[in-house]
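Trainee:
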Amino acid sequence: MNSNNRLQNPRIGEKMSAKPYTIFYNANPKYAIGIKNKQSGAAVVLLDITQTDEEYYEWIIQDNNTIALRSDPDLILDVASLTNYQQFYLSVYDDQSVLGTQKWIYDGDRHFRNVSNRSFVIDNKQRGETDGNPIIAYAYNGSVAQEWNPKFALKSNPTIFYYGSDKRYAFGVKRKQSNQQIVLLDTYLTTSDFYEWYPQEDNTLLLNSDRSLVLDAASLAAKQSLFLSDYDSQNIPPTQQWMYDDDHHIRNVQDPTLVIDDKESKRVDGNTIWIFKFNGSDAQDWYPQYSLSLSKVTENE
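Just so we're aligned, residue 1 is where the sequence shown starts under the UniProt record's numbering, counting upward by one.
Take a look at the structure:
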């Protein structure tokens with residue numbers, strides 16, 4: 001059993017009860033499926049997650065293939081009929097009477113298909129990238145408007161971000177104090193106090209062993225080093241807000257083209273970790289693992 005599987009996209013038919021997912025628009029991870037109002041009949045739309053609380057765009061993908069609002073699981077995704085351009089809305093969940101229009105399954109290839117008629121998928125109307133753009137049912141046509149990236153929420157779970165899949169190196173700090181530079185650490189030589197992070201609902205990464213310290217940068221620009229700052233929940237600049245995109249990259253929330261990068265791809269203890277423009281290189285691949293005690297037990301299964 002590989003514990004990293006818990007953090008990857010769900011496979012077709014996978015049971016995912018009680019796990020919070022954000023369903024990102026694959027063409028632009030700044031946007032996700034959500035709602036403006038938490039009430040029956042509310043329209044389902046594309047939301048700018050940088051401007052919206054997570055209670056409006058986190059979902060629970062349930063065993064019976066319904067998709068429930070995490071902050072109010074009595075409300076689920078629904079559509080009036082399986083015809084083109086029908087907009088999704090919230091319906092009251094009745095587990096004794098689940099309609100075919102309420103059952104959607106992830107196909108493992110970026111699409112959410114209707115269970116009873118898999119030719120219909122969840123679609124971002126006309127590929128609009130604006131807050132509030134309608135989310136509709138539409139016949140599958142291969143458009144990017146129909147591609148979604150469901151990401152299991154790492155938040156509120158102590159997490160290690162390994163560089164590469166061998167689980168030896170991770171980013172962290174040499175000392176637990178403000179202004180300490182973020183570097184690559186050999187985890188065989190260092191305790192997890194220095195490289196375990198606590199992702200928060202506000203998209204900050206706190207050092208798990210001292211949650212008064214947050215990952216930060218001087219500015220949002222390529223080649224800017226990362227360091228620890230004192231955390232102030234009332235004053236969170238964009239340089240402190242980062243999100244994992246479920247494709248091994250840690251992107252800045254305000255500017256997703258900027259990612260956390262291992263300088264010059266060096267696997268050396270103490271190597272600089274900085275910001276860089278996304279380019280698809282191995283230097284930008286991070287493998288999150290949460291619940292370290294559990295992973296040690298299951299590592300060789």
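Beta carbons: idealized from backbone N, C-alpha and C, even for Gly.
Note that the structure is predicted; figures quoted are calculated from it, not measured.
Taking contact to mean at least 3 C-beta pairs separated by less than 8 Å, is the region 257–268 in contact with the region 280–289?
Mentor: yes
Trainee: So what's residue 182 in DSSP terms, helix, strand or just coil?
Mentor: coil
Trainee: When the Cα of residue 113 is compared with those of 82, 207, 129 and 170, which residue comes out closest?
Mentor: 82
Trainee: Enumerate in chain order the residues of its own chain whose CB-to-CB distance from residue 143 is below 8 Å, with the five nearest sequence positions on each side excluded.
Mentor: 123 and 127
Trainee: Check the DSSP bridge columns for residue 58 and list the partner residues they point to.
Mentor: Partner(s): 22.
Trainee: Can you find the residues in the same chain that come closer than 6 Å, C-beta to C-beta, to residue 172, ignoring five residues on each side of it along the sequence?
Mentor: 185, 194 and 195
Trainee: Given a threshold of 16 other Cβ atoms within 10 Å of its Cβ, counted over all protein chains shown, does residue 44 qualify as buried or as exposed?
Mentor: buried
Trainee: Mark residue 37 as exposed unless 16 or more other C-beta atoms lie within 10 angstroms of its C-beta, in which case mark it buried.
Mentor: exposed
Trainee: State the Cα-Cα distance for the pair residue 134 and residue 86, rounded to the nearest angstrom.
Mentor: 9 Å
Trainee: Within the same chain, show all residues whose beta-carbon is closer than 8 Å to that of residue 305, passing over the 5 residues directly before and after it, in chain order.
Mentor: In the structure displayed, the chain extends from 1 to 301; residue 305 sits before or after that span and is not available.
Trainee: Could you check whether residue 217 and residue 273 sit closer than 8 Å to each other, using their CB atoms as the reference points?
Mentor: No, the Cβ-Cβ distance between residue 273 and residue 217 is not below 8 Å.
Trainee: Residue range of the beta strand (DSSP E) that residue 258 falls in?
Mentor: For residue 258, the enclosing beta strand (DSSP E) has its first and last residue at 258–262.
Trainee: Report the three-state DSSP secondary structure of residue 171 (helix, strand or coil).
Mentor: strand
Trainee: Leaving aside the five residues before and after residue 207 along the sequence, list all residues of the same chain whose C-beta is less than 6 Å from its C-beta, in chain order.
Mentor: Only 213 meet the Cβ criterion.
Trainee: Look at the alpha carbon of residue 220 and the alpha carbon of residue 203, and state the distance between them as a whole number of angstroms.
Mentor: 15 Å
Trainee: Just mark residue 199 as buried or exposed, buried being the case when its beta carbon has 16 or more other beta carbons within 10 Å.
Mentor: Around the beta-carbon of residue 199, 16 or more other beta-carbon atoms lie within 10 Å, marking it buried.
Trainee: May I ask whether a heavy atom of the ligand FAD can be found less than 7 Å away from the beta carbon of residue 229?
Mentor: Ligands are entirely absent from the displayed structure, and the ligand FAD is therefore not among its contents.
Trainee: Figure out for me which residue from 256, 58 and 249 has the closest Cα to the Cα of residue 238.
Mentor: 256
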